[in-house]
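When the count follows the numbering used here, it moves up by one through the sequence shown with no breaks and lands on 748 for the last residue. Heads up, the beta-carbon is just placed ideally off N, CA and C, and yes, glycines get one too. Scroll down for the structure; my scribbles are underneath it.
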Amino acid sequence: MNNKLEKSKKLIQNVFLFFLASFIPKTISFFMVPLYTECLSTLEYGTIDLITTTVQLLLPILTLQVQDAILRFSVAGQDDPRKVFSIGLRIVSAGFVFLASATFLLTMLGVVDLNGAYIAFFLASYLTGALGNVVNYFLRALDKVKEITIASVITCLITVSCNLLFLLIFRWGVNGYLLANILGHVLSLLYLMLAARLGRYISFRINDPELTRRIIVFSLPMIVSALSWWINNSLDKYILSFFCGVSATGLLAVAYKVPTIISTLGATISKAYSVSVLQNFDPTDKDGFLGQSYAVISFSMVLCSSALMLINIPLSRLLFAKEFYAAWQFVPPLLLSALFNYMSLSCENMCLALNRTRLISSTALIGAGINTFLNLCMIPLLGSYGAAVATAIGFFCVWMMRYIWILRHIQLKNARIKEPLSYGLLWGQMFAAYWGNRLLLLQICIFVVLIFLYWREFSQMLHVILKRISSLHCKGTL
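Structure, rendered in structure tokens:
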């Protein structure tokens with residue numbers, strides 16, 4: 271019991287730190303949306319979103335999704351972290367050189383028709399994204415969560431401050447927005463290099479073909495998983511742009527800002543849970559830590575999604591300026607997309623602990639296929655709403671396949687009936703939310719039922735938190 275309590279305390283500590291690293295900065299950025307929608311047109315916002323989406327597509331291909339292997343091999347303790355990190359950086363460097371060369375060539379040939387600012391943003395976004403992934407996953411393996419937290423706050427403060435300066439004072443428009451975002455990520459990476467003294471882990475003279483081979487073999491199936499994730503999250507934007515125009519893509523991109531709250535909550539818990547699972551994995555779940563932790567994650571995501579659906583319309587009025595307000599209709603299905611995305615990632619962490627990377631890639635690929643088919647069918651009929659619903663169904667299928675496999679191979683101690691019941695209620699609330707405030711009473715009833723359904727998880731989480739506060743108080747740290 272004490273061991274389980276210690277695991278829970280460590281998990282909550284990591285959740286708190288990742289909360290500071292993810293939730294608070296992104297929440298601040300979330301409230302910057304009115305500024306962006308006021309200073310940028312739907313066309314500019316749509317173009318930026320398509321560039322960012324393209325970067326997300328290229329990252330797993332050109333980096334070989336090596337950050338997953340870096341986390342897994344560094345946590346296991348069987349390999350030299352210096353070698354693992356250096357090999358990861360070497361792969362990232364090779365990918366960037368290839369991308370920069372290809373971009374320059376395609377621009378010279380006239381295939382890429384973007385101005386210099388957009389091309390610079392594209393290359394800088396890729397490089398900072400690739401390095402950020404490798405560095406953050408490596409620091410998670412070294413349990414340097416505090417440094418990650420501070421770096422995330424630096425990114426947020428620099429980005430927000432520069433956006434206020436560049437958009438409101440200098441009136442640089444879209445160029446100011448692009449520059450502010452790049453500066454935030456570059457300065458946070460510099461901080462991590464210095465604070466974590468990463469220079470001591472870097473050596474391009476290291477030559478270990480066997481370790482390189484093992485890292486690549488582990489990573490390759492994760493490329494398929496990452497590409498499938500990209501399809502579930504992003505392919506709809508290209509299909510939507512084809513059928514409805516780039517402005518429709520801009521509306522959908524803005525609608526994603528409300529589910530950012532769920533995504534950030536999910537990312538916060540998933541990162542902390544991944545470390546706990548890899549460090550304390552037990553396929554029999556004797557102490558119930560895995561099952562109960564998973565249940566608390568589900569409880570947090572479900573109640574937060576339901577609450578955001580309830581306040582979606584007033585929140586959209588507050589956040590979305592001018593023609594962007596119409597995006598409120600797409601928020602409810604995107605909330606479900608975010609929920610099932612991060613619940614499937616929680617399942618993925620357990621699969622990684624068992625080295626089942628092929629299972630991860632196959633389930634993600636099937637989900638991507640379902641999403642693509644539904645996008646092609648629903649976008650011509652329902653436009654952006656069809657794209658949002660297709661994404662939600664795609665992620666739901668991924669979660670369902672992984673969850674069923676886990677229940678067969680891991681003795682997860684959690685309430686198995688509660689999971690599908692709560693998700694069924696959320697699907698019902700999503701369809702009720704389509705009609706705006708006309709079915710608000712029904713949404714409130716669903717929210718109340720969900721609270722009663724997860725009352726046990728809420729009580730357990732509160733008990734662990736109070737125990738943690740009490741222990742800190744006894745030690746004199748509070």
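In its own chain, which residues sit with a C-beta less than 8 Å from the C-beta of residue i, not counting the 5 before and 5 after it?
| i | result |
| --- | --- |
| SER729 | none |
| THR324 | PHE392 |
| ARG686 | LEU677 |
| SER752 | What the structure shows of the chain is the stretch from 271 to 748, and residue 752 is not part of that stretch, so it cannot be assessed. |
| ALA662 | PRO603, LEU604, LEU606, SER607, PHE610 and MET700 |
What does a CB cutoff of less than 7 Å around residue i pick up in its chain, not counting 5 residues either side in sequence?
| i | result |
| --- | --- |
| PHE288 | VAL415, THR538, LYS541 and ALA542 |
| THR627 | PHE488, PRO491 and MET492 |
| SER517 | THR312, LEU313 and GLY316 |
| GLN751 | In the structure as shown, the chain starts at 271 and stops at 748, and residue 751 therefore has no counterpart that could be examined. |
| LEU696 | VAL572, SER575, SER576 and LEU606 |
| GLY653 | CYS514 and ALA518 |
| GLY656 | MET648 and ILE649 |
| ALA400 | LEU329, THR333, VAL362, GLY365 and PHE366 |
| ILE456 | The identity of residue 456 in the sequence shown is Val, whereas the question assumes Ile. So the qualifying residues of the chain are THR398. |
| THR642 | ILE501 and LEU505 |
| GLN283 | none |
| ALA394 | ILE452 |
| ILE716 | SER576, LEU695, GLY698 and GLN699 |
| GLU618 | ILE630 and ARG672 |
| TYR526 | LEU604 |
| ALA510 | Checking the sequence shown, residue 510 turns out to be Leu, not Ala. Answer for LEU510: ALA518, THR519, LEU522, ILE649, SER654 and ALA657, listed in chain order. |
Do the CB positions of residue i and residue j come within less than 8 Å of each other?
| i | j | result |
| --- | --- | --- |
| VAL528 | ASN445 | no |
| LEU604 | ALA658 | yes |
| LEU462 | TYR396 | no |
| ALA270 | ILE532 | Past the edges of the chain, shown from 271 to 748, lies residue 270, and the structure says nothing about it. |
| SER570 | PHE474 | no |
| PHE665 | PHE600 | no |
| VAL382 | THR373 | yes |
| LEU505 | ASN645 | yes |
| LEU332 | LEU369 | yes |
| VAL430 | MET302 | yes |
| LEU412 | PRO351 | yes |
| LEU795 | CYS309 | Outside the shown range of the chain, which is 271 to 748, sits residue 795, and nothing can be said about it. |
| ILE238 | TYR388 | An answer regarding residue 238 cannot be provided, because it is not within the stretch 271 to 748 covered by the chain. |
| TYR306 | TYR447 | yes |
| LEU468 | VAL405 | yes |
| ILE428 | GLY454 | yes |
Quick check on residue i: buried or exposed, where buried means 16 or more other Cβ atoms within 10 Å of its Cβ?
| i | result |
| --- | --- |
| ASN272 | Here ASN272 scores only 49 on pLDDT, less than 50, and its place in the model should not be relied on; the value that follows carries that caveat. Label assigned to ASN272: exposed. |
| PRO304 | exposed |
| VAL547 | buried |
| THR554 | exposed |
| HIS749 | Outside the displayed span of the chain (271 to 748) sits residue 749, for which this structure offers no information. |
| LEU449 | buried |
| VAL285 | buried |
| LYS556 | exposed |
| SER458 | buried |
| GLN348 | exposed |
| MET378 | exposed |
| SER299 | buried |
Give me the Cβ distance between residue i and residue j, rounded to the nearest whole Å; I'm assuming they're in contact under 8 Å.
| i | j | result |
| --- | --- | --- |
| ALA359 | ILE472 | Note that residue 359 is Leu in the sequence shown, not Ala. Contact flag correct, Cβ pair sits at about 6 Å. |
| ALA749 | SER495 | The structure shown does not extend to residue 749, since the chain is modelled only from 271 through 748, so no value can be given for it. |
| ILE674 | SER616 | Contact doesn't hold; Cβ gap of about 14 Å is too wide. |
| ILE439 | VAL336 | So it is not a contact: roughly 40 Å between Cβ atoms. |
| GLY520 | ASP319 | 7 Å |
| LEU691 | TYR564 | So it is not a contact: roughly 16 Å between Cβ atoms. |
Output needed for residue i: all residues of its chain with C-beta closer than 6 Å, excluding positions within five of it in sequence on either side, in chain order.
| i | result |
| --- | --- |
| SER614 | VAL668, TRP669 and ARG672 |
| ILE636 | none |
| THR419 | LEU287, LEU290 and ALA291 |
| ASN433 | ALA450 |
| TYR724 | PHE569 |
| ASN403 | GLN337 |
Taking the continuous alpha helix (DSSP H) assigned at residue i, which residues delimit it?
| i | result |
| --- | --- |
| MET671 | 654-679 |
| MET700 | 688-703 |
| VAL354 | 351-378 |
| ILE420 | 415-433 |
| GLU480 | 479-500 |
| LEU682 | First-last for LEU682: undefined, no H or E at that position. |
| GLY443 | It is not in any alpha helix (DSSP H) - GLY443 carries neither H nor E in the DSSP assignment. |
| MET579 | 559-580 |
| THR398 | 386-411 |
| ASP319 | 312-333 |
| LYS527 | Where LYS527 is concerned, there is no enclosing alpha helix (DSSP H), given that its DSSP letter is neither H nor E. |
| GLN599 | Run containing GLN599: none; DSSP gives neither H nor E here. |
| SER511 | 506-514 |
| PHE594 | Premise fails: PHE594 is in no alpha helix (DSSP H) and is neither H nor E. |
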